[in-house]
Ligand SMILES: NC(=O)c1ccc[n+]([C@@H]2O[C@H](COP(=O)([O-])OP(=O)(O)OC[C@H]3O[C@@H](n4cnc5c(N)ncnc54)[C@H](O)[C@@H]3O)[C@@H](O)[C@H]2O)c1
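In the numbering used here, the protein residues as written are 73 to 432.
Below is the structure:
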């Protein structure tokens, strides 16, 4: 077991990373003495996979479990579903001290986190992330969110959990495409602030893809440590946390132009490579590093070219991005593998790179 610590304005919380963590979660809940009950929120398919081991451990610890089920899919990260969760919490007589254990990927984490942060003005929240993306990214940092109409992730709270239990054994059942989504975020973390992780991924990508125990644990720990470090410096997104948007300016535009038909990981990977090409063209990023990044993204099974047919549509979305200032687009760009900076980029240069005219 390895533990990272995330600090926030009022306290800190542990991110415990290891395997077979059901007993650790149950023991931790009992030790916290938050009452005889715990509310578990997850998807039906995840209950089928993980319920027996978790329930056994929690019952062994002498706690009662109230189960709430939420259908899977981004469309259920909604105010309507949050409303149903409130009703279920109220119906099962959840009290202010009753902990809510969110077992799932980013959708469960964001939705259950939002409900926990608002129900009775906040009940204790514990994350048990089950997707690679949630383990290295969304479970750390205290952001909760639901979507509403066109407002994606725009309704939410900053609400730190009391603890995160990251069990890498749970990744064994994760579909390959979901592994890809997490891998893109892992590569992003490496480029932002962890050159050691970049080299580790270059050497071990096949074992990471197949979630081989020791290798995936090290990769998750290293990537999660980047997120933990950055959010500890900037709990409420006032500045330094902006670097986590590497690949997202162009990545979000790719998702939007494709009508969200392209997976988040693919969009972010292609967006990150495009940002690196821009940095290279601006003389900020070495050709050798650009080639290494392209190679790693490729062997990770992620796209290195922009997966959309219409670069002009892409540019139009980027220009409408909230980061546009006086005609220039603010983008996170790599300076070297393990260091990034925010720079203003001329739209013409973006047009050249997204138009496929880049020199590399
Ligand atoms: N709060 C944050 O800081 C933050 C950061 C990044 C992303 N997000 C949000 O996270 C969400 C995406 O998260 P995600 O990629 O985990 O998607 P997800 O939660 O929808 O999970 C993807 C799919 O994998 C399934 N799944 C999850 N774990 C599994 C397992 N161990 N075995 C088998 N199947 C499993 C889920 O049921 C789902 O069908 C988005 O809504 C995004 O906005 C939040």
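C-beta atoms are modelled at their ideal positions from N, C-alpha and C, and glycine is treated no differently.
Do you know offhand how far residue 431's Cα is from residue 155's? Residue placement at residue 431 cannot be trusted, given a pLDDT of 42 that sits under 50; what the coordinates show is reported in the next sentence. Distance from the CA of residue 431 to the CA of residue 155, rounded to the nearest whole angstrom, comes to 52 Å.
With respect to 6 Å, is the separation between the Cβ of residue 299 and the closest non-hydrogen atom of ligand 1 below this value? Checking the Cβ of residue 299 against ligand 1 gives no.
Which residues bound the beta strand (DSSP E) around residue 268? Under the DSSP assignment, residue 268 falls outside any beta strand (DSSP E), being part of the alpha helix (DSSP H) whose first and last residues are 267-281.
Consider the C-beta atom of residue 194 and the heavy atoms of ligand 1; say whether any pair is separated by less than 6 Å. Ligand 1 has no heavy atom closer than 6 Å to the beta-carbon of residue 194.
Can you name the start and end residues of the beta strand (DSSP E) that residue 140 belongs to? Following the DSSP letters along the chain, one finds residue 140 inside the beta strand (DSSP E) bounded by residues 136-141.
My output table needs one value for residue 264: the three-state DSSP class, helix, strand or coil. Assigned with DSSP and collapsed to three states, residue 264 falls in helix.
Spatial distance of residue 392 from residue 113 (CA atoms): So the two alpha carbons sit approximately 37 Å from each other.
Top-ranked residue by Cα proximity to residue 147, from 162, 183, 140: The option with the nearest alpha carbon to residue 147 is 183.
Where does residue 383 land, buried or exposed, given buried means 16+ other C-beta within 10 angstroms? By the Cβ-count criterion, residue 383 is buried, with 16 or more other Cβ atoms from all chains shown falling within 10 Å of its own Cβ.
Any heavy atom of ligand 1 within a distance shorter than 6 Å of the CB on residue 162? For ligand 1, not one heavy atom lies less than 6 Å from the Cβ of residue 162.
Determine whether the beta carbon atoms of residue 170 and residue 195 lie at a separation below 7 Å. At the C-beta level, residue 170 and residue 195 come within 7 Å of one another.
Check residue 237 in the structure and name its three-state DSSP category. Here residue 237 sits in strand by DSSP.
Decide if residue 237 is buried, meaning its Cβ has at least 16 other Cβ atoms within 10 Å, or exposed. Residue 237 is buried by the Cβ-count criterion.
Please identify the residue among 268, 87, 312, 198 whose C-alpha is closest to the C-alpha of residue 413. Closest option to residue 413, Cα to Cα, is 312.
Taking the C-alpha atoms as reference points, what is the distance between residue 429 and residue 420? Note that residue 429 scores 47 on pLDDT, short of 50, meaning its location in the model is unreliable and no value can be drawn from it.
Please determine if the region 293-313 and the region 351-364 are in contact, where contact requires at least 3 C-beta pairs separated by less than 8 Å. When Cβ pairs closer than 8 Å are counted between the two stretches, the region 293-313 is seen not to touch the region 351-364, the count staying below three.
Beta-bridge partners of residue 217, as assigned by DSSP: Beta-bridge analysis with DSSP links residue 217 to 228.
What residue range is occupied by the uninterrupted alpha helix (DSSP H) comprising residue 90? That residue, residue 90, is in no alpha helix (DSSP H); its beta strand (DSSP E) goes 84-90.
Any idea what DSSP makes of residue 412, helix, strand or coil? Annotated three-state conformation of residue 412 is strand, per DSSP.
Closer than 6 Å: is that where the CB of residue 177 sits relative to any heavy atom of ligand 1? Taken from the Cβ of residue 177, at least one heavy atom of ligand 1 lies inside 6 Å.
Near residue 404, what residues of its chain come up, given a Cβ to Cβ distance below 6 Å and the 5 sequence neighbours on each side ignored? Within the same chain, Cβ atoms closer than 6 Å to the Cβ of residue 404 are found at 315, 317, 318, 412, 414, the five residues on either side in sequence being excluded.
Would you kindly work out how many angstroms separate the C-alpha atoms of residue 180 and residue 362, rounded to a whole number? Each residue's alpha carbon lies about 35 Å from the other.
So, are the CB atoms of residue 172 and residue 111 less than 7 Å apart? For residue 172 and residue 111, yes; Cβs fall inside 7 Å.
Pull up the CB-CB distance for residue 150 and residue 219, whole angstroms please, since I reckon it's below 8 Å. Contact between residue 150 and residue 219 holds: CB atoms are separated by about 6 Å, below the 8 Å threshold.
When DSSP labels each residue in this structure, what does residue 99 get in the three-state scheme? The three-state reading of DSSP puts residue 99 in helix, counting H, G and I together.
Work out the CA separation of residue 388 and residue 422 for me, nearest whole Å. Whole-angstrom Cα-Cα distance: 11 Å.
Less than 8 Å between the CB atoms is what I'm expecting for residue 108 and residue 135, so what's the real figure, rounded? Confirmed, about 6 Å.
Determine, using beta-carbon pairs with one atom in the region 224-238 and one in the region 270-285, whether at least three such pairs fall under 8 Å. Touching, no.
Skipping 5 residues on each side, what residues in its chain have a beta carbon closer than 7 Å to that of residue 436? Outside the displayed span of the chain (73 to 432) sits residue 436, for which this structure offers no information.
By Cβ distance below 7 Å, which residues in the same chain neighbour residue 192 in space, the five residues on each side in sequence not counted? Cβ within range, chain order: 168.
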